[in-house]
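Visitor: Take this structure first; my questions come after.
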Amino acid sequence: MYTAVKLLSGLLGWLLILVVLSGCGSTTAAPQYKQAEGYRYLERKITDNYYLLSITSNHNANLLVYAQTQASTLTEQLGFDWYIIVEQNGPDNKKAPYIQTIEIRMGKGIRP
1 MYTAVKLLSG LLGWLLILVV LSGCGSTTAA PQYKQAEGYR YLERKITDNY YLLSITSNHN
61 ANLLVYAQTQ ASTLTEQLGF DWYIIVEQNG PDNKKAPYIQ TIEIRMGKGI RP
């Protein structure tokens, strides 16, 4: 009986260690904002040519300009010729920080 209890407690100990270690290994890093002059942005890749850009700024007036600047820069960096804004969501809040979100699709050659 003593051996069975000792074996069971040993197995439970290893199981606990395994659960704790697997939890540490599966954590995903928080998205990292990139800083630019006047704003910060976050780009999320959806497919190879489809991205979601989130622009955060203390100035509401320039949000769409910042978003388009970042979309243009990303398009050029990835080797595409053009981009179109598929969807956009402007800031809903009335005070800073303001957030503008756009989804872009990029392509090469003749723009549709």
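Residue numbers (the UniProt record's numbering): 1 to 112. Note that the Cβ used here is the ideal one computed from N, Cα and C, for glycine as well.
(1) Between the alpha carbons of R105 and A71, how many angstroms are there, rounded?
(2) Can you give me the start and stop residues for the beta strand (DSSP E) that L53 sits inside?
(3) Using a Cβ-Cβ cutoff of less than 6 Å, which residues in the same chain neighbour Y75 once the five nearest sequence positions on both sides are dropped?
(4) Within its chain, find whatever has a CB closer than 6 Å to the CB of E87; leave out the 5 residues flanking it on each side and keep chain order.
(5) Would you please state the rounded distance, in angstroms, between the beta carbons of E43 and L53? I believe it to be under 8 Å.
Guide: Based on what the coordinates show:
(1) Taking the first residue of the sequence shown as 1, we reach residue 105 at position 105. Taking the first residue of the sequence shown as 1, we reach residue 71 at position 71. About 9 Å.
(2) The residue given as residue 53 occupies position 53 in the sequence shown. Its beta strand (DSSP E) spans residues 50–57.
(3) Locating residue 75 in the sequence shown gives position 75, where the first residue counts as 1. The question names Tyr, but residue 75 is Thr in the sequence shown. Taken in chain order, the residues that qualify are Y83, M106.
(4) The residue given as residue 87 occupies position 87 in the sequence shown. Exclusion of the five residues before and after E87 leaves E103 as the residues of its chain whose Cβ lies within less than 6 Å of its Cβ.
(5) The sequence position of residue 43 within the sequence shown is 43, counting from 1. The sequence position of residue 53 within the sequence shown is 53, counting from 1. Sure, about 5 Å apart at Cβ, within 8 Å.
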